[in-house]
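Visitor:
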Amino acid sequence: MKDLETECSATLQQAADDMAHYYDRTHAEAPEYKKLDDKWFGPFKITKRVNPNAVELELPTLW
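Heads up: the sequence shown begins at 42 in this note's numbering, then just goes up one per residue.
1) Just verifying my parser: in three-state terms, what is the DSSP assignment at L98?
2) Answer yes or no: do E97 and K89 have a C-beta to C-beta separation smaller than 7 Å?
3) DSSP three-state call for K43: helix, strand or coil?
4) Tell me which residue opens and which closes the beta strand (DSSP E) that K86 is part of.
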């Protein structure tokens with residue numbers, strides 16, 4: 042009975058290794074896309090404090 046368990050375990054391990062080999066053969070890392078990256082703008086110059094919780098910023102002319 043122990044021999045059968047050992048043989049089954051070895052066969053399952055061999056099957057897992059074969060599957061991993063064939064998967065890794067064609068698998069490629071996903072490319073890095075810049076289109077969806079976070080956009081970061083600033084820092085902007087503070088021109089005036091409107092109230093304690095708001096400020097007015099000097100933004101570029103194209104905004």
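Backbone N, C-alpha and C define an ideal beta-carbon position, used for all residues, glycine too.
Just so we're clear, the structure is a prediction, and the values are computed from it rather than from any experiment.
Guide: Concretely, from the data shown:
1) In the three-state scheme derived from DSSP, where H, G and I count as helix and E and B as strand, L98 is classed as strand.
2) Going by C-beta atoms, E97 is nearer than 7 Å to K89.
3) DSSP, read as helix, strand or coil, puts K43 in helix.
4) Taken as a continuous stretch (DSSP letters only), the beta strand (DSSP E) holding K86 covers K86 to N92.
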